[in-house]
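Which chain is which? The protein sequence lines are A and B, in order.
For what it's worth, this note's numbering labels the leading residue of the first sequence as 263, then goes sequentially.
For what it's worth, this note's numbering labels the leading residue of the second sequence as 263, then goes sequentially.
Glycine included, C-beta positions come from ideal geometry on N, C-alpha and C.
Being a predicted model, the structure only gives us computed values, none of them experimental.
First up is the structure itself, then whatever we jot down about it.
Protein chains: 2
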Amino acid sequence: MSRQEQKQKTRQSIILAAFSLLDDNRSLSAISLREVARAAGIAPTSFYRHFKDMDELGLTLVDEAGLALRQLMRQARSRIDSGGGVIDTSVDTFIEFICANANVFRLLLREHTGTSAAYRMAVLREIQHFVEELADYIVERQAIDHGIASLQSESMVRLVFSAGAETLEAEPSMRSEIGRRVKAQLRFVQLGAAAYSERMSHHKNRSGVTRNEAR
Amino acid sequence: MSRQEQKQKTRQSIILAAFSLLDDNRSLSAISLREVARAAGIAPTSFYRHFKDMDELGLTLVDEAGLALRQLMRQARSRIDSGGGVIDTSVDTFIEFICANANVFRLLLREHTGTSAAYRMAVLREIQHFVEELADYIVERQAIDHGIASLQSESMVRLVFSAGAETLEAEPSMRSEIGRRVKAQLRFVQLGAAAYSERMSHHKNRSGVTRNEAR
DNA sequence: CAACTCAGCTTACAACTGTTCGCTAATTTA
DNA sequence: TAAATTAGCGAACAGTTGTAAGCTGAGTTG
């Protein structure tokens with residue numbers, strides 16, 4: 263095995279070890295360099311051959327988590343295109359993701375309100391990508407003003423993330439119930455945004471061209 | 263000064279010191295017993311005369327924060343009764359609170375998704391109080407089914423807390439903008455819930471079967 | 001093949017942690 | 001007033017942490 267290959271391999275094992283340490287009761291700021299090294303099967307000092315800091319590792323983890331999220335969105339879109347309501351499909355996909363990658367989602371959730379400003383910013387960027395892509399999608403599907411679509415999409419993402427947090431906490435048997443609740447809540451937002459939009463256009467001109475078939 | 267009085271006083275100074283340590287970049291799990299003792303002006307070992315653990319201190323802090331929140335709600339209600347829209351008044355009150363008691367809100371926000379299951383539960387209870395009281399209020403003001411009111415209130419609380427997190431992060435000049443956005447989002451939820459509710463009752467009256475066509 | 005690079009190691013250190021033990025001095029109780 | 005209680009303290013403990021210094025040995029390069 264070439265030297266570079268070997269290095270990449272241990273680097274990956276560090277990352278994997280770190281993710282595995284982010285279980286129920288740990289955040290990035292609560293895992294130590296030595297712990298990560300121990301879990302990765304290397305000497306503490308060898309860590310520095312790969313990352314300058316624990317912070318550098320942390321940002322790498324956030325990036326990887328964001329990547330996973332974006333892949334999730336693509337997956338959700340392809341499912342939607344092959345039939346099924348937007349809301350139902352998106353929520354189902356999201357919950358599946360959370361359950362399959364609990365630690366990845368936990369990382370985002372925890373560092374979103376965590377103790378490191380750098381991490382908070384990094385997570386925020388990922389979430390904003392999420393919001394923007396959803397807003398574009400909404401503008402495209404429903405004939406709605408971009409400002410309103412943006413508000414709608416932000417609401418939806420916040421509700422979904424919040425429900426995701428609840429899902430992590432809840433027992434598996436409650437998950438479908440949580441899913442049902444958040445779907446209903448998303449429909450409120452959707453209906454409300456549509457109603458608001460229509461009301462606006464009525465004020466502007468009486469021709470209610472704006473349709474909302476909410477699919 | 264009596265002995266008990268003195269003891270309560272240093273106990274309070276420990277609590278205050280702990281809150282003051284919860285600034286931008288610290289969570290409960292990241293402040294040490296010795297730090298708190300140092301900030302409170304006592305010897306590390308004296309801490310044990312007041313709390314068994316740092317955990318016990320932590321739960322006390324969460325309780326105090328919850329208390330502050332409930333006081334906030336009362337304040338908001340009295341403001342509403344003396345005129346002003348429900349949403350506008352509530353959001354304004356909330357944002358004021360956050361700015362005046364940044365560390366208190368930060369505590370709730372951070373420990374809500376934090377690393378201690380006990381803290382998470384404690385914060386969750388406080389939030390649920392919040393949701394239930396709002397739901398009761400909604401049932402009373404709007405003529406709406408309790409199940410729907412509950413969904414609506416949960417949505418609203420989640421959106422407000424989420425916006426609160428953003429407020430903490432944002433520069434003061436952006437705060438009014440954040441307030442405006444979240445007010446609009448809350449109106450979406452309100453409009454949506456009302457529309458949904460109306461639709462339900464229409465269906466009941468016609469066919470007696472509750473269907474779900476918001477897909 | 002010889003020189004070089006460098007991932008990973010061992011050792012070491014100072015700083016900090018939570019917690020135990022026993023003491024003091026002042027308040028409370030009898 | 002004498003005895004008991006107890007808030008607070010200082011010293012000391014074993015454990016953990018991040019990181020600096022220097023070595024080894026295997027892969028790379030000329």
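Collapsed DSSP secondary structure at residue i in the structure displayed
{"i": "L284/B", "result": "coil"}
{"i": "V444/A", "result": "helix"}
{"i": "Q452/A", "result": "helix"}
{"i": "Q268/A", "result": "helix"}
{"i": "G409/B", "result": "helix"}
{"i": "T377/A", "result": "coil"}
{"i": "E416/A", "result": "helix"}
{"i": "E433/A", "result": "coil"}
{"i": "Q404/A", "result": "coil"}
{"i": "M462/A", "result": "helix"}
{"i": "M383/B", "result": "helix"}
{"i": "N474/A", "result": "Residue confidence for N474/A is low, a pLDDT of 42 falling below 50, so the modelled location carries little weight and cannot support an answer."}
{"i": "M263/B", "result": "coil"}
{"i": "R273/B", "result": "helix"}
{"i": "R468/A", "result": "In this predicted model, R468/A has a pLDDT of only 42, less than 50, meaning its place in the structure is not dependable; the value taken from the coordinates is given anyway. Of the three classes helix, strand and coil, the one that applies to R468/A here is coil, per DSSP."}
Identity of the residue in the options nearest residue i by Cα
{"i": "V422/B", "options": "A305/B, D325/B and R443/B", "result": "R443/B"}
{"i": "A301/A", "options": "S275/A, F392/A and N287/A", "result": "S275/A"}
{"i": "E395/A", "options": "S282/A, R332/A and L321/A", "result": "R332/A"}
{"i": "M462/A", "options": "D407/A, I349/A and Y310/A", "result": "D407/A"}
{"i": "N524/B", "options": "F281/B, V393/B, F392/B and T272/B", "result": "With chain B covering only 263 through 477, there is no way to say anything about residue 524/B."}
{"i": "Q268/B", "options": "R311/B, A279/B, T307/B and V324/B", "result": "R311/B"}
{"i": "I400/A", "options": "G320/A, S459/A and S438/A", "result": "S459/A"}
{"i": "I360/A", "options": "T272/A, R273/A and R437/A", "result": "R437/A"}
{"i": "S289/B", "options": "E402/B, I304/B, M316/B and T272/B", "result": "M316/B"}
{"i": "L319/B", "options": "A279/B, Q404/B, V348/B and I440/B", "result": "A279/B"}
{"i": "R403/A", "options": "D343/A, L321/A, A305/A and K271/A", "result": "D343/A"}
{"i": "G324/A", "options": "G303/A, I349/A, I277/A and E433/A", "result": "According to the sequence as given, residue 324/A is Val; it is not Gly. Nearest C-alpha to V324/A: I277/A."}
{"i": "T322/B", "options": "Q390/B, R273/B, M263/B and I304/B", "result": "R273/B"}
{"i": "G441/A", "options": "S417/A, I349/A and M263/A", "result": "I349/A"}
{"i": "L334/A", "options": "I389/A, I304/A and R296/A", "result": "I389/A"}
{"i": "A405/B", "options": "Q270/B, P306/B and A455/B", "result": "A455/B"}
{"i": "E439/B", "options": "N287/A, L413/A and M263/A", "result": "L413/A"}
Check whether residue i and residue j have beta carbons under 7 Å apart
{"i": "T377/A", "j": "S291/A", "result": "yes"}
{"i": "A457/B", "j": "L453/A", "result": "yes"}
{"i": "V366/B", "j": "A338/B", "result": "no"}
{"i": "R336/A", "j": "T351/A", "result": "no"}
{"i": "L369/A", "j": "L283/A", "result": "no"}
{"i": "T375/B", "j": "R387/A", "result": "no"}
{"i": "A411/B", "j": "A397/B", "result": "yes"}
{"i": "S424/B", "j": "R265/A", "result": "no"}
{"i": "S415/B", "j": "V393/B", "result": "yes"}
{"i": "F309/B", "j": "A299/B", "result": "yes"}
Near the ligand SAM: residue i beta-carbon under 6 Å from a heavy atom
{"i": "H408/A", "result": "Absence of the ligand SAM from the depicted structure is noted, as is the absence of any ligand whatsoever, leaving it without description."}
- Message: Suppose only complete runs of 4+ residues qualify. What are the alpha helix (DSSP H) ranges in the region 279–363 of chain B, listed by chain order?
- Response: As far as the region 279–363 of chain B is concerned, its whole alpha helix (DSSP H) runs of at least 4 residues are 295–302, 316–343 and 348–362.
- Item | Inter-stretch contact (C-beta, 8 Å, three-pair minimum) for the region 445–463 of chain B and the region 363–379 of chain B | No: the two stretches stay apart, fewer than three of their Cβ pairs being nearer than 8 Å.
- Query: With contact counted as at least three CB pairs below 8 Å, one residue from each stretch, are the region 354–362 of chain B and the region 426–434 of chain B in contact?
  - Reply: Yes, they touch.
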